[in-house]
Every structure is written in C-alpha cells, then in structure tokens.
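Enquirer: Below is the structure I would like to discuss, written out as structure tokens.
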DNA sequence: TCACGTCAAGCAGAT
DNA sequence: ATCTGCTTGACGTGA
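Residue numbers (our numbering): 44 to 342.
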C-alpha cells in the first residue's frame with residue numbers, strides 16, 4: 044500500500060506544470076517549460092521518498108501542447124536523458140506513477156475528430172511513461188466519457204474505440220468510475236468485455252453509487268488488475284463541508300480515513316489522495332498508516 | 001509590480 | 001442560453 048497525491052507540491056517552491064498560452068508557442072518556450080517541469084518533478088519525487096510517499100500522479104501539462112498540431116518539436120529526443128534519469132529514480136525507489144489525461148480526452152465521443160485528438164493526447168501521456176522506461180504498472184486513468192443521451196450505445200462505442208487504440212496506450216489505460224455518469228458497475232461491465240483495469244474512486248462512488256459497499260467495490264475492482272498491471276489504484280477524497288455535493292475537501296479527515304482503511308481490509312492497493320492541500324494530507328495519511336500491516340513501502 | 005480577463009480541447013447539470 | 005466544475009491556477013496584457 045502506497046500513499047500518493049496528484050501533480051503539485053505546495054511545500055516546495057517549484058511547479059511541474061509550467062505552461063504558456065497557445066498564442067505564444069515557440070520551441071524555445073516549450074524547452075524552457077519542460078526543463079523547469081522535469082526539474083521540479085524530480086524534486087517532488089525526492090521530497091516524497093524522504094517522506095514515505097511512494098505514489099505520485101504526474102501532471103498532464105508536463106510537456107505543454109505535446110499533442111497539439113502546433114508542437115512539431117522533438118521533445119522526446121531532446122529530453123531523452125532526463126526522462127531516463129527520472130525513470131531510474133522512480134524504479135530505484137519503487138515509486139508507483141499515474142497520469143490523468145483531462146476531461147477533454149474522450150474516446151467514446153460521437154465526433155471522430157474528438158476521438159482522434161484524444162488518442163493523440165493519450166499517446167503523449169504513454170510516451171512520457173515510456174521515455175521513463177516504466178513498466179505496465181504505471182497507468183493513465185480516464186473516465187468512460189460522455190453519455191450522449193444513450194448510455195448503452197456510448198459504452199459500446201467505448202469498447203469499439205478501445206480496440207482501435209495504439210498498443211502503447213492500451214497497455215497503460217485504466218478506467219475510473221465518475222461522479223455523474225458512469226458508475227463502478229458500468230466500468231466493471233466494460234472491463235469484463237475488454238479486460239481494461241478499473242480504478243476505484245471512493246468519493247465518486249459515494250456520489251454516483253451502484254450499490255456496492257466499500258469493501259465490495261474494492262473486491263470487485265481489484266480483480267480487474269492483472270499481475271502485469273500492479274495492484275489496484277484507488278482515488279480517495281471526501282466531501283468539502285458546507286459545499287455542494289461532489290466538491291473536494293481542503294484537507295484530509297484522519298478519522299474518516301481510518302474508517303475507510305478499516306473497511307477496506309484486508310485488501311492491498313495504492314491510494315491517491317485527491318485533496319486540495321496535497322502533500323500535507325499525504326503526510327498525515329502516511330502517519331495514520333503506521334501500524335497497518337499493508338503499509339510497508341512497496342507491495 | 002500588480003490587477004484582472006482569459007486561457008486548446010467537452011461534457012453534464014445547475015442556473 | 002449561459003455558467004460552473006472537473007484533477008489544478010496562472011499566463012500575459014495593460015496600466
């Protein structure tokens with residue numbers, strides 16, 4: 044069991060998601076941003092290792108506009124050695140890596156062009172992980188996509204389009220239950236057909252539930268992860284108090300986190316904390332896990 | 001140096 | 001029709 048947080052560290056003074064406006068694109072601007080982002084990424088990973096945090100989500104804007112037609116620069120070649128260096132650090136310390144292409148990435152879109160752009164975006168994410176020479180256990184998570192007024196057809200379209208994806212994308216893609224459209228059960232039905240692993244989002248499950256208890260949901264979803272995929276990834280968050288349902292809390296509540304840990308026994312999985320204050324909550328979670336047999340760094 | 005309008009992409013749900 | 005949230009602020013123009 045590993046604890047992780049997404050993309051940003053608020054303690055360190057750097058940002059691994061430095062970008063710029065599309066209008067101001069230039070190769071030199073790209074190089075400058077990526078240099079900064081890779082440098083900061085490694086700093087964050089070092090910080091994490093020091094603090095027993097062995098799960099991390101890499102920002103999608105690591106290479107700004109990487110999948111956009113405006114970008115013709117061979118950043119893959121230019122930063123090859125840096126990617127390898129970061130990858131070595133990740134492997135040396137047994138860090139689990141995930142990425143989360145954003146909400147514009149829709150492989151079940153009715154629009155063929157949106158699918159093509161999404162495929163390019165996914166391919167870019169896969170390239171980042173490939174350049175670091177990470178194995179299949181480093182994943183890219185997306186939601187199933189839009190419903191477009193007909194969920195069954197949209198699920199079928201997802202399955203069909205999945206078959207058309209490049210193998211570099213397929214081997215890393217996992218699907219996640221979302222808070223409005225596709226429940227855990229929906230994701231499971233897709234997984235049963237095409238074998239794609241299902242990442243379990245605890246918070247989304249509480250907002251958009253298909254009936255399973257926490258342990259029941261983990262029991263189901265963990266089976267979709269094969270040996271080569273690594274152990275189940277879980278997204279964990281909680282409701283922000285006095286805000287509308289679905290908004291993420293500012294900080295972890297250790298009491299309810301411990302309740303969740305208890306409910307999830309005896310299963311082992313990696314937990315991504317989608318909480319606003321990032322590493323601060325991750326540090327609290329690491330502390331709360333001391334004494335849990337599942338927490339021993341790598342699993 | 002700072003305020004603030006706007007930023008590649010799409011969907012769903014609320015207003 | 002328009003706005004907001006999503007996983008997340010911050011770029012960059014104009015003063």
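Every residue gets a Cβ at the ideal spot worked out from N, C-alpha and C, and that includes glycine.
Assuming residue 184 contacts residue 217 under a Cβ cut-off of 8 Å, what Cβ separation, rounded to an integer in Å, is found between them?
Expert: 5 Å between Cβ atoms; contact.
Enquirer: With DSSP as the reference, label residue 231 as helix, strand or coil.
Expert: If DSSP states are grouped into helix, strand and coil, residue 231 belongs with the helices.
Enquirer: Where do the ends of the beta strand (DSSP E) carrying residue 315 lie?
Expert: Start and end: 313-316.
Enquirer: What three-state label does DSSP hand residue 184 in the structure shown?
Expert: Of the three classes helix, strand and coil, the one that applies to residue 184 here is strand, per DSSP.
Enquirer: Would DSSP call residue 246 helix, strand or coil?
Expert: Note: residue 246 maps to helix in three-state DSSP.
Enquirer: Using DSSP with H/G/I as helix, E/B as strand and the rest coil, what is residue 282?
Expert: Strand, per DSSP.
Enquirer: Please state whether the Cβ-Cβ distance between residue 88 and residue 105 is less than 8 Å.
Expert: Not in contact: residue 88 and residue 105 (Cβ atoms no closer than 8 Å).
Enquirer: In angstroms, rounded to a whole number, what distance separates the CA positions of residue 117 and residue 74?
Expert: Their Cα atoms are separated by approximately 10 Å.
Enquirer: Compare the Cα-Cα distances from residue 305 to each of 331, 161 and 294 and report the closest residue.
Expert: Of 331, 161 and 294, the residue nearest in Cα terms is 331.
Enquirer: My guess is that residue 171 and residue 229 are in contact by the Cβ rule of under 8 Å, so how many angstroms apart are they, rounded?
Expert: In fact, because the Cβ distance is near 28 Å, the residues do not count as touching under 8 Å.
Enquirer: State buried or exposed for residue 256, treating a residue as buried only when at least 16 other CB atoms are found within 10 Å of its CB.
Expert: Per the 10 Å Cβ criterion, exposed.
Enquirer: Opposite residue 216 in the DSSP bridges: which residues?
Expert: BP columns for residue 216 point to 183.
Enquirer: For a minimum of 3 consecutive residues, which ranges assigned as the beta strand (DSSP E) are wholly contained in the segment 115-144?
Expert: Listed in chain order, the complete beta strand (DSSP E) runs (minimum 3 residues) inside the segment 115-144 are 139-142.
Enquirer: Where does residue 295 fall in DSSP's three states?
Expert: The answer is coil: DSSP assigns residue 295 none of H, G, I, E or B.
Enquirer: Assuming residue 219 contacts residue 178 (C-beta within less than 8 Å), just tell me the rounded distance between them.
Expert: The pair is not a contact, with the Cβ atoms about 20 Å apart (cut-off 8 Å).
Enquirer: So, using beta-carbon positions, are residue 31 and residue 163 closer together than 8 Å?
Expert: Residue 31 lies beyond the residue range present for the chain, which begins at 44 and ends at 342; the question has no answer from this structure.
Enquirer: If I measure Cβ to Cβ from residue 204 and keep anything under 8 Å in the same chain, skipping five residues before and after, which residues do I get?
Expert: Cβ within range, chain order: 150, 151 and 158.
Enquirer: Can you tell me where the alpha helix (DSSP H) holding residue 97 begins and where it ends?
Expert: Taken as a continuous stretch (DSSP letters only), residue 97 belongs to no alpha helix (DSSP H), as it is neither H nor E.
Enquirer: What does a CB cutoff of less than 7 Å around residue 300 pick up in its chain, not counting 5 residues either side in sequence?
Expert: The answer, listed in chain order, is 328 and 331.
Enquirer: Per DSSP, which residues does residue 47 bridge with? Please list them.
Expert: Note: residue 47 sits in a beta bridge opposite 98 and 315.
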